[in-house]
Amino acid sequence: MLFARLERRLGGFVTALWDTNPRLQSMPVPALAPPGRVSFGHGVVRVPERFRGFAPAQATLLYHAAIAHAGAHIRFTEARFTQGSLKPLQVALISLIEDARVEHLAMRRYPGLRRLFLPFHVASPGSGGMAPALFARLARALIDPDYIDGDAWVEKGRALFLAAADDWASPAVSRSIGGLLGNDLGQMRVSFNAKTYVVEPAYRDDNAGIWIATEPPPPDADSETWLEAAKITPAETEPPRGPPDEADNQPANAARPAATTEDGSLPIASYPEWDHLIRQARPHWATIRAYPARAGRQEAIDEIIAAHAPLAHRLAALIEHARVSRPRRLRRQAEGETLDLDASIEAAIDLRAGLSPDPRIHSRMERRHRDLATLVLLDVSHSTNDRLPGSATSVLALERAAAALLGDAMAGLGDRFAMGAFCSNGRHDVRYSAIKGFDGAFDGAAKRRLAGLAGSLSTRLGAALRHAGRELGQQAAYRRLLLVISDGEPSDIDVGDRRYLVEDARHAVQELSLRGIDVFCVGLDAGGDGYFGRIFGRHRIALIDRIERLPERLPMIYLRLTS
Amino acid sequence: MILDSHRITTEPYYCAAGNEIALFAAAYAARMPMMLKGPTGCGKTRFIEYMAWRLGKPLITVACHEDMTASDLVGRFLLDANGTVWHDGPLTRAVRHGAICYLDEIVEARQDTTVVIHPLADDRRVLPLEKTGELITAHPDFQLVISYNPGYQSVLKDLKESTKQRFAAMQFLYPDRALETAIVAHEAGIAEEDARRLVLIGEAARHLKGHGLDEGASTRMLIHAGQLIARGVALAAACQVALILPITDDPDLRDALTATVDACLR
């Protein structure tokens, strides 16, 4: 497919010209349907996957012209038109004048665009006098100064349009001229069929993007993914033992009594909990239950990665830097295979100068591997359903986006990692869902599990930390990193004392450090300095003040932690 | 004088974009360490050359790199027929004899190297030479200037907080359209019309920063293209050679830029 080959090039072209970065999407063109036209709106430009009747070289130019034209609309048609009581004929004409207006503005800046647009204007006086032919002739007359058309209506349109050259900056021009010409055409009793009308020439868009649609626009992309991801598809069978309970597949299980959740899951471990009042651990106090992660749509995750394409690109560049398994010469070593010549000379000079020489005069080659295992622990308690102020995006959607990008980056680095999510419903029911194990790949199944995360219940952080630490502890790696993403203070329904779970989590972190596991927390609460600092230590937290930047910050934090 | 070769005798061409000349002159009067921030090729080095000329001080430039050690800055003992002699490094020479010392791309140097400038960059203004045991008090004319390009790499390479906070900073950006046109026309020796077109192309290429390009097309690149045009190369070919091919290895992006250049031509 030509478009698939051109897609990145066209994306770069429209960004360079107009400083806008719409998503390009290919649009199927059924064999018997009318020829497809570009359509844009809501940050997406849909491009027909083929233009019928054009040779490949010509079609390449056509795609460039089409994308430059759509970009000119995005740049210069600032507000969409309202249809009001306008007839379809007038709508089509106003659109036509608007097309010419934005093209002229575009050509003022980029004169070479004229060479791109003009070859596709092939209408001539011989094309006929029906409405579509007249439209195509007018379109050509407005942009081609050398074109001569004898028709009075076409010439009137051209004269009106060129007379308004000083006012082209305002879309009101299109509206008034288009309206006038529409009236004329009405009086000439030229019939117009809006249903069969296809905009000519082929590079122009279908104009849907410049009119306010009668149906409400779709919500913004983030909330869309959020809704999609929250849709429940049948649970996967992993972990294999025990069929998932039906009740567990309902989204709003927060209100259900604890007893009914018992059979949906498997108790897999119990951990002690630290009681700061008695200064002792209560043995086997919290029970971890493995809950099968629900599967969402894999596309939701792929879309997140696509939507953050610039960021993903920057990450890929960073990853190239961070991938350190090429051999490195280590200089000034106390021992090694060869002498470091510079160091040896300096040592000899120091000896003669009567100074004590630096004994590290050897050098050796070393291949440094990233010997690292990371477990990313996501907090999916009920509070992560909160929307950010003034936005339809939930905290959980951002956590998910961040985890998706991080997972992509870690997979790219070849680092060993696992991902899990937790929430809790009292000490007997701390829920842990594995999204990706250390052995599995960050593939479709893992992405579906990530997409299926839903926020519910509370945050019993300590037990989750101990459990994640146990999994991480089984990995043989030089460095083991537990990366926690949490949005608030630990709490649970059976705990009244606010300090209790904080102190328990702090204790868990200290236990893990003793076992050589680094715990680092990314806190999504700018005011959480106090308790996050208390739990993890001041230098082991990064608080994100603008949560919407989490997807960008998280992979950076990871790279910084591990470089 | 020992630093005569470092004096700038003819006025370097520099077009002020704002009040940076007055600001820098004031900072120099206070001998305040300065940090010049901005993307590559936007005129940081030219600015410091111009200021050194204007203030009538010698300028010692050090291009920093990964393998640079502290002794590359400070100096080292060398052997001669009679034994060992101490040889001042560029920083020590600037400190001893009174020059503006410009450390270009300071983040490239390792962090342990950059700490040698700390005692110079606060009110002590001294440079201790560990090897000789000497403590040099800076010459009254000495000033420390660093350049710093906070690009995307700054995640892995960044200045220490303690280094950053010793400096006052000035932000440099690509000049605005009219100014950049004048600069390109002057530096390349081409007609204003051609320069205007080059600047338009440059602006378009800068839109791609973060969308495939790590940095936009710099003013320096546009001047390169202009210099080729001045020698009779067609504009499209000059852009191809001086701009598109150097800036990216990605064939799709190269095609996108070629199409963009085409759109900018009459």
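In the order they appear, the protein sequences are chains A and B. Just so you know, the first sequence maps onto residues 1 to 563 in full-length UniProt numbering. Just so you know, the second sequence maps onto residues 1 to 266 in full-length UniProt numbering. Glycine is no exception: its CB is placed at the ideal position from the N, C-alpha and C atoms.
Item                                                                                                                      : Value
C-alpha distance - Ser265 (chain A) paired with Val395 (chain A), whole-angstrom precision                                : 26 Å
Close beta carbons around Phe51 (chain A), own chain, < 6 Å, minus the five adjacent residues each side                   : Ala59, Leu62, Ala202
For Val376 (chain A) and Thr287 (chain A), believed in contact at Cβ under 8 Å, the rounded distance                      : Not quite, the Cβ-Cβ distance comes to about 23 Å (not below 8 Å), so this is no contact.
Cβ shell of Lys156 (chain A) (< 8 Å), same chain only, five flanking positions each side left out                         : Leu181, Asp184
Proximity test, Cβ basis, 8 Å: Leu129 (chain B) and chain A                                                               : no
Beta-carbon neighbours of Leu138 (chain A), restricted to chain B and to distances below 8 Å                              : None at all; the shortest Cβ gap to chain B is about 24 Å.
Residue nearest to Pro357 (chain A) in terms of C-alpha spacing, selected from A:Thr374, A:Arg332, A:Arg364, A:Asp439     : A:Arg332
Pro283 (chain A), DSSP secondary structure in three states                                                                : strand
Buried versus exposed, by CB contacts within 10 Å (16 or more), Lys160 (chain B)                                          : exposed
Three-pair Cβ contact test at 8 Å for the segment 23-31 of chain B versus the segment 44-57 of chain B                    : yes
Cys264 (chain B) (DSSP reduced to helix, strand or coil)                                                                  : helix
As assigned by DSSP and simplified to three states, the class of Cys101 (chain B)                                         : strand
Test item: CB-CB of Ile493 (chain A) and Ser458 (chain A) under 8 Å                                                       : yes
Test: Ala204 (chain B) CB closer than 8 Å to a CB of chain A                                                              : yes
Inside the UniProt domain "VWFA" (373-524) of chain A only - beta strand (DSSP E) runs reaching at least 3 residues       : 416-424, 430-436, 479-486, 517-523
Residue of B:Leu59, B:Asp262, B:Ile146, B:Gly41 minimising C-alpha distance to His97 (chain B)                            : B:Leu59
Length at least 3, wholly inside the segment 85-140 of chain A: the beta strand (DSSP E) runs in chain order              : none
Neighbour list for Arg266 (chain B) in chain A, Cβ cutoff strictly below 8 Å                                              : Pro111, Gly112
Expected contact under 8 Å - CB spacing of Ile319 (chain A) and Leu450 (chain A) to nearest Å                             : Ile319 (chain A) to Leu450 (chain A), Cβ: 20 Å. No contact.
Opening and closing residue of the alpha helix (DSSP H) in which Gly83 (chain B) lies                                     : Per DSSP, Gly83 (chain B) belongs to no alpha helix (DSSP H); it is in the beta strand (DSSP E), 83-88.
Chain B contacts made by the segment 3-21 of chain A, where a contact means CB separation under 7 Å                       : Arg8, Arg9, Gly12, Phe13, Thr15, Ala16, Leu17, Asp19, Asn21
Met556 (chain A) - DSSP class collapsed to helix/strand/coil                                                              : helix
Cβ of His313 (chain A) within 8 Å of any chain B Cβ                                                                       : yes
Beta-carbon proximity of Leu89 (chain A) to Gly150 (chain A), cut-off 8 Å                                                 : no
Under 9 Å by beta carbon: chain A residues contacting Asp194 (chain B)                                                    : Neighbours of Asp194 (chain B) on chain A: none; closest Cβ ~13 Å, over 9 Å.
Whole-number beta carbon distance between Met170 (chain B) and Lys37 (chain B), since they are thought to touch under 8 Å : 7 Å
Delimiting residues of the alpha helix (DSSP H) encompassing Asp184 (chain A)                                             : 172-187
Under 7 Å by beta carbon: chain B residues contacting residue 572 (chain A)                                               : The requested residue 572 (chain A) is not part of the displayed model; chain A covers only 1 to 563.
Assigned secondary structure, Pro310 (chain A) (DSSP; H/G/I helix, E/B strand, else coil)                                 : helix
Beta carbon proximity, Pro283 (chain A) to chain B, threshold 8 Å                                                         : no
CA nearest to the CA of Tyr558 (chain A), picked from A:Gly533, A:Gly527, A:Leu482                                        : A:Leu482
Under 8 Å (Cβ pairs) to chain B, residues found in the segment 114-134 of chain A                                         : Arg115, Leu116
Residues near Glu262 (chain A) by beta carbon distance below 7 Å, same chain, minus five either side                      : Residue confidence is low: Glu262 (chain A) scores 46 on pLDDT, short of 50, so the model does not pin down where it sits. Its coordinate-derived value is still stated next. Nothing meets the Cβ criterion.
Gln111 (chain B) - containing alpha helix (DSSP H), residue span                                                          : 111-114
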